[in-house]
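A short write-up of the structure that comes next.
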Amino acid sequence: MTYSAHIDTFTRDNLPPAEQLPEFLFDLPELQFPERLNCADPLLDDHVVQGRGGRVCIQAPGLRWTYADLQERVNRIANVLVRDMGLVPGNRVLLRAPNNPMMAACWFAVMKAGAVAVATMPLLRAKELRHVIAKAKVTHALCDLRLAEELKLAAAESSQLKHVLYFNDSSATGLDAAMARQSTAFSNIDTALTDTCILAFTSGTTGQPKATMHFHRDVMASCVCWPPHVLRPTPDDIFMGTPPLAFTFGLGGLLLFPLSVGASTVLLEQGAPQDLVDAVAKYKATVLFTAPTSYRAIAPIAGSLRNSSLRKCVSAGEALPAATRALWKEATGIEMIDGIGATELMHIFISADEAHALPGATGTVVPGYVACVMDDQGKPTPVGEVGNLAVKGPTGCRYLADERQARYVKDGWNYTGDAYAMDGDGYFHYHSRTDDMIISAGYNIAGPEVEDALLRHPKVAECGVIGAADEERGQVVKAIVVLRAGFDPTPETAKELQDFVKQSIAPYKYPRQIEFVAALPRTETGKLQRFRLRQTNQGETK
Ligand code: 3UK
């Protein structure tokens with residue numbers, strides 16, 4: 021048997037069967053990792069060992085930790101986990117907090133202790149937490165006191181979750197008091213590079229959320245592919261943004277990537293547009309991570325970001341409409357870096373830096389990965405034709421005990437569920453989710469293309485385009501639109517929008533139905549919940 025530091029073998033026992041795994045590629049020289057690897061070493065301890073302990077690592081309102089400060093806290097927490105809470109390597113530790121420094125410290129403590137971090141979105145309620153706890157067989161939890169309530173309800177029903185401590189808690193029984201009693205030294209568990217260290221839950225737009233498994237190697241692979249080849253951060257960069265640390269987009273962008281180059285990160289609990297604009301100025305942030313809709317919402321107040329400290333803006337989570345890219349550039353002068361990532365692949369695998377951005381396209385394949393557009397038989401499609409996106413690289417899909425593995429991985433390829441076309445220059449052009457394609461009177465229409473056309477109209481703040489059932493045409497294109505403040509949702513406005521779309525894209529794609537709403541349903545990660553729009557439009561309950 022291959023070496024593992026896990027005494028609790030739950031994750032190893034629940035890996036997908038070997039024949040259902042994707043093919044993994046390690047061609048790049050930087051992907052040659054040692055057999056024993058604990059990601060906390062390169063990301064945290066090595067900086068202190070190599071004399072960078074005095075550099076700023078994490079900032080938050082009223083707080084500034086150096087690398088040495090973070091290491092000291094992380095070691096104390098790791099000692100609490102092992103000595104007070106009886107943790108053994110391989111146990112699953114649920115983490116629950118808004119993006120703040122203690123959440124980051126707890127994450128690293130779990131790595132050091134050779135355990136498995138199960139970070140959860142702050143907005144999850146007891147019902148959803150119950151599923152996570154049961155699926156991951158969570159044994160321990162560290163939780164921000166302000167989010168205790170739903171966790172208490174969920175934990176009460178679990179037989180194996182026995183050890184819970186709360187942080188940002190000034191009481192004598194909280195994690196902070198327990199930390200004060202522990203040593204600041206901890207020697208990292210000597211994990212194997214193939215020991216699972218995180219279970220990342222997918223957002224679960226359909227069916228129960230799936231738990232994806234990532235090894236210490238996957239964490240490091242994500243740090244050496246997209247960041248140095250596309251983002252190209254320096255140790256002086258100051259990272260900031262909105263995606264939760266429980267979402268691998270946020271974990272990478274706001275914690276792993278800055279630390280992988282010895283840079284610093286600003287963790288904010290609030291990510292409303294004005295909070296972000298103010299925080300960029302306050303902390304002199306240089307790199308911003310958020311979702312397309314958030315860039316769109318910030319754009320009207322983003323004038324002060326022009327010629328500010330900010331130099332790189334990363335967009336991921338859903339397709340970046342060319343209209344939003346243009347809006348952001350007009351407002352700030354900054355060309356965005358778009359990238360598609362997935363929880364199953366840990367982070368971004370197709371992207372373009374600011375110099376190579378092609379509006380309307382996501383980018384080219386990130387070094388370390390290969391990508392291909394396939395037809396329904398699993399054969400590559402000719403250039404320019406729409407098909408199913410398939411990807412391979414150093415990271416890939418491993419669902420914990422889930423039969424849906426066979427749907428995501430076929431013939432060694434990871435199928436992300438996205439419809440894409442590749443052009444002659446190797447740029448990948450997003451069309452839609454494969455199950456979101458609208459078929460109207462025999463035409464295939466991609467909702468995002470119609471959305472992009474609508475977003476160019478000055479009255480449109482946000483919109484979502486779906487196929488609404490129609491007796492005659494099978495489906496008709498329907499737009500659900502949020503107007504900018506001050507405009508009226510009248511039939512005249514609807515007509516104006518329809519005419520506007522007809523003038524910019526093929527007229528058969530125009531939205532025959534338009535509905536005005538006050539807000540669109542979105543996930544905590546900024547994704548439009550098209551399935552909800554569809555449900556509402558079939559008269560089903562939400
Ligand atoms: C969609 C995009 C077009 C696409 C993620 C960066 O979003 C992330 O992970 P999820 O598991 O969702 C994956 C799906 O989201 N998507 C994401 N980015 C783009 N579509 N253009 C994009 N730029 O459908 C994909 O299959 O929630 C993003 C890093 C880590 C992540 N986990």
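Going by the numbering used here, the sequence shown opens with residue 21, and the numbers climb by one from there. Think of the CB as a built atom: it goes at the ideal place given N, C-alpha and C, for glycine as much as any other residue. Note that the structure is predicted; figures quoted are calculated from it, not measured.
Taking the continuous beta strand (DSSP E) assigned at Ser452, which residues delimit it? Phe448 to Arg453
How would you call Gly559, buried or exposed, if buried means at least 16 neighbouring beta carbons within 10 angstroms? Because Gly559 sits at a pLDDT of 44, beneath the cut-off of 50, its placement in the model cannot be relied upon, and the following sentence gives the value as read from the coordinates. With fewer than 16 other Cβ atoms within 10 Å, it is exposed.
Relative to the C-alpha of Val497, which candidate in Ile534, Gly506, Lys302 and Ala514 has its C-alpha closest? Ile534
Quick one: Cα of Thr561 to Cα of Trp85, how far? Any reading at Thr561 must be qualified, since the residue scores a pLDDT of 34, below 50, and its modelled position is unreliable; the value itself is stated next. Whole-angstrom Cα-Cα distance: 47 Å.
Residue interval of the beta strand (DSSP E) (run including Asp438): Trp433 to Met442
Would Tyr450 be called buried (16 or more neighbouring beta carbons within 10 Å of its own) or exposed? buried
Of the choices Ser324, Ala362, Thr363 and Glu374, whose alpha-carbon is the least far from that of Arg345? Glu374
Restricting to runs no shorter than 3 residues, where is the beta strand (DSSP E) found entirely within the stretch 105-173? 112-116, 136-140 and 160-164
Just grab the DSSP bridge partners of Ile500 for me. Gly484 and Glu535
Cβ-Cβ distance between Leu325 and Pro121 below 7 Å: no
Which one of Ser242, Met123, Gly388 and Thr29 has the shortest CA to CA distance from Leu185? Met123
Ile459: CB within 6 Å of a non-hydrogen atom of the ligand 3UK: no
Nearest-angstrom Cα distance between Asp196 and Val334? 34 Å
Can a CB atom of chain D be found closer than 7 Å to the CB of Val158? Within the model displayed, chain D is absent; a lone protein chain is all it includes.
Report the start-end ranges of each beta strand (DSSP E) in the stretch 227-306 that is 3 residues or longer and not cut off at the edges. 231-235, 258-261 and 284-286
What residue range does the alpha helix (DSSP H) around Arg427 cover? Gln425 to Tyr428
Nearest residue (CA-CA) to Leu279, options Ile370, Leu347 and Ala125: Ala125
DSSP state of Val521, grouped into three classes? helix
Under the criterion of a Cβ to heavy atom distance below 6 Å, does Tyr450 qualify as lining the ligand 3UK? yes
With DSSP as the reference, label Gly559 as helix, strand or coil. At Gly559 the pLDDT is 44, less than 50, meaning the model places this residue with poor confidence; the figure from the coordinates comes in the next sentence. DSSP places Gly559 in coil when its eight states are reduced to three.
Given Gly398 as reference, the closest of Leu409, Val390, Gly404 and Gly388 once Cα atoms are compared: Leu409
Is any heavy atom in the ligand 3UK found nearer than 6 Å to the beta carbon of Ala473? no
Between the Cα of Pro379 and those of Met366, Pro387, Lys479 and Gly359, spot the shortest distance and give me the residue it belongs to. Gly359
Could you check how far apart the C-beta atoms of Cys417 and Pro42 are, in whole angstroms? I think they sit under 8 Å. 6 Å
Cβ-Cβ distance between Ala137 and Leu115 below 7 Å: yes
Which residue from Met356, Cys392, Leu219 and Phe551 puts its Cα closest to that of Met457? Phe551
Does the stretch 203-223 come close enough to the stretch 50-63 to have 3 or more Cβ pairs within less than 8 Å? yes
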